[in-house]
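Structure record follows, encoded as structure tokens.
Residue numbers (the numbering used here): 10 to 118.
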């Protein structure tokens, strides 16, 4: 997936969508911005902190989603798209944008 598409998806994210992109570098899916926050909020029992960072390249939070987390997310959310290298999942509850900003600022450091 191109950088432009990833940025566009997160800029247009309604806070109820989780975009996942397969990373060849990590061998697992990665989420950015609002999507990263949705992933972390929907899997509170799974410790994603070791996989959480701030992407200087995209200027937004990033989380790697391992296999265990991916299975949990697919159980909790509606899978809208499941293609090679890309998934889009939907949640019925929008994120709290103030909490997202606080979380993103903490990661930014």
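Idealized CB from N, CA, C, for every residue including glycine.
Keep in mind that this is a model prediction, so the values were computed, not measured.
Whole-Å CB distance - residue 23 paired with residue 103, under 8 Å assumed: 7 Å
Residues sharing a beta bridge with residue 74, DSSP: 38
Reference residue 95; option with closest CA among 21, 28, 80: 28
Straight-line Cα distance separating residue 71 from residue 39: 7 Å
Cβ-Cβ distance between residue 106 and residue 75 below 9 Å: no
Burial state of residue 14, where buried means 16 or more other Cβ atoms lie within 10 Å: exposed
Among 86, 112, 110, the one whose alpha carbon lies nearest that of residue 101: 86
Test item: CB-CB of residue 19 and residue 35 under 9 Å: no
Close-in-space but distant-in-sequence residues of the same chain around residue 51 (CB under 8 Å, 5 per side omitted): Only 27, 81, 82, 85, 86, 100 meet the Cβ criterion.
Bounding residues of the alpha helix (DSSP H) (the contiguous stretch that carries residue 106): Where residue 106 is concerned, the enclosing alpha helix (DSSP H) stretches over 106-117.
Nearest-angstrom Cα separation, counted from residue 47 out to residue 33: 22 Å
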